[in-house]
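Notes follow the structure.
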Amino acid sequence: MDRAKTLEGIKQYFDFEPEMRNGDLYVTVNPQTGILKALNVIYEASRKNGTIRLLGVDKDMRFTYGLDHFTLNNRSYTLPEKLTVKDGLPVLPLKFFAELSFKKATVTSVT
Numbered sequence: 009m010d011r012a013k014t015l016e017g018i019k020q021y022f023d024f025e026p027e028m029r030n031g032d033l034y035v036t037v038n039p040q041t042g043i044l045k046a047l048n049v050i051y052e053a054s055r056k057n058g059t060i061r062l063l064g065v066d067k068d069m070r071f072t073y074g075l076d077h078f079t080l081n082n083r084s085y086t087l088p089e090k091l092t093v094k095d096g097l098p099v100l101p102l103k104f105f106a107e108l109s110f111k112k113a114t115v116t117s118v119t
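Residue 9 is where the sequence shown starts when you use the numbering used here, and the numbers rise one by one after that.
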């Protein structure tokens, strides 16, 4: 099965098929192949602490596995559900990247 999707005209590859949860499309976040690479985001993870950090030009996001909140530039925000992992990769709602994009763009199409 081809797990490639077109996002903002750029072909994205997901390690697992995106899935619908409570009306939102959730995707696995792989720092080497997917949306993070396309957005030029630095990914840092600590298995010991159960945390991930996403760094962009003017954004610093920090997540903790099993919690339903994260920080963006030291301000706390709530996720629709607790952060989960699939085969070691974080799973986040795709709309999250449109709303809090690391570049000034919004998701206009996903195919």
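All residues carry an ideal CB built from backbone N, CA and C; glycine is no exception.
None of the values given here were measured: they were computed from a predicted structure.
- Counting along the chain, residue 44 sits inside the alpha helix (DSSP H) bounded by residues 43-46.
- Per DSSP, residue 87 is not a residue of any beta strand (DSSP E), being assigned neither H nor E.
- The three-state reading of DSSP puts residue 102 in helix, counting H, G and I together.
- The residues 86, 87, 89 and 90, in chain order, have a CB closer than 7 Å to that of residue 76 in the same chain once the five nearest residues on each side in sequence are set aside.
- Where residue 75 is concerned, there is no enclosing beta strand (DSSP E), because DSSP gives it neither an H nor an E.
- If you check the CB distance, residue 103 and residue 24 do not come in under 8 Å.
- Judged by DSSP in its simplified three-state form, residue 27 adopts strand.
- Relative to residue 72, the option among 30, 26 and 52 whose CA is nearest is 52.
- Here the C-alpha atom of residue 48 lies approximately 9 Å from the C-alpha atom of residue 63.
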